[in-house]
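In our numbering, the protein residues as written are 2 to 270.
Below: the structure, in structure tokens.
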């Protein structure tokens, strides 16, 4: 599915996206398929003038000077840097967020450099999956995710939702990496994160992330309800994805069985 999505993205996105131009021009889930600040992840670090530190090398990236490559840098790291630099040029409003490297790096494992760039750009674009809103300044979209996941958990498991709320375990403390990095920051097992990306490419929205998040919590609610210390609850939640046994059964039954109502502002425009 990732490969198929890449082919579709290549058809939609101009091949001049990476040329380095810097002009001024620039619901409900029925498929079954498939407000706090950020607590961690180091995402969205900005310089003092409000611009992304990662986009400071615009001139170097647009010049395409091979001499600027880091000595001893691996081929994969070089491709990753080029794609992220090119995206910073392509989308001046978003530029760069530190969580992007996890997603882009995973795409490079399966796609050629240009294909990975096109798919990455399409996943973020408003005409594609619309994920650029996850990485915009202020991260208002992510704050809306935090607000939305509480009612979803309350419907799926009222007792667990109230238990976590009573002990101050806010969604921002555990879902940030799942949404910004699709779990590729080691907050999910790598095979689970890859299956999640596959679902995201199939459904082209954030619904699979919500379903996986709720399914993880519900599957381990007995262990969570037995804990009454915030620190222990957080440790158990972070360990829960790694305690999932049969991954195929988890996606086929636990994840696919969920029917979630997602606010329209969290779906692609």
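Beta carbons are placed, not taken as given, at the ideal position from N, Cα and C, and that holds for glycine.
Exposed unless 16 or more other CB atoms sit within 10 angstroms - verdict on residue 126: buried
With contact counted as at least three CB pairs below 8 Å, one residue from each stretch, are the segment 147 to 155 and the segment 102 to 121 in contact? no
CB residue 180 to CB residue 210, shorter than 7 Å? yes
Among the candidates 261, 192, 231, whose CA atom is the shortest distance from the CA of residue 216? 261
Using the Cβ count rule (16 or more neighbours within 10 Å means buried), how would you classify residue 222? buried
Closest residue to residue 205 among 124, 91, 190 (Cα-Cα distance): 124
When the Cα of residue 194 is compared with those of 202, 203, 183, which residue comes out closest? 183
Determine the contact status of residue 169 and residue 76, defining contact as a CB-CB distance below 7 Å. no
Check whether residue 269 and residue 131 have beta carbons under 7 Å apart: yes
With a cut-off of 7 Å, does the C-beta of residue 140 fall near any C-beta of chain D? Here chain D cannot be found, since the structure has a single protein chain.
Less than 7 Å separating the beta-carbons of residue 245 and residue 252? no
Take residue 94 and list the residues in its own chain whose beta-carbon comes closer than 6 Å to its own, dropping the five residues that flank it on each side. none
If I follow the unbroken alpha helix (DSSP H) through residue 193, where does it start and stop? 191 to 204
Answer yes or no: do residue 256 and residue 213 have a C-beta to C-beta separation smaller than 7 Å? yes
Below 7 Å between beta carbons: does that hold for residue 108 and residue 121? yes
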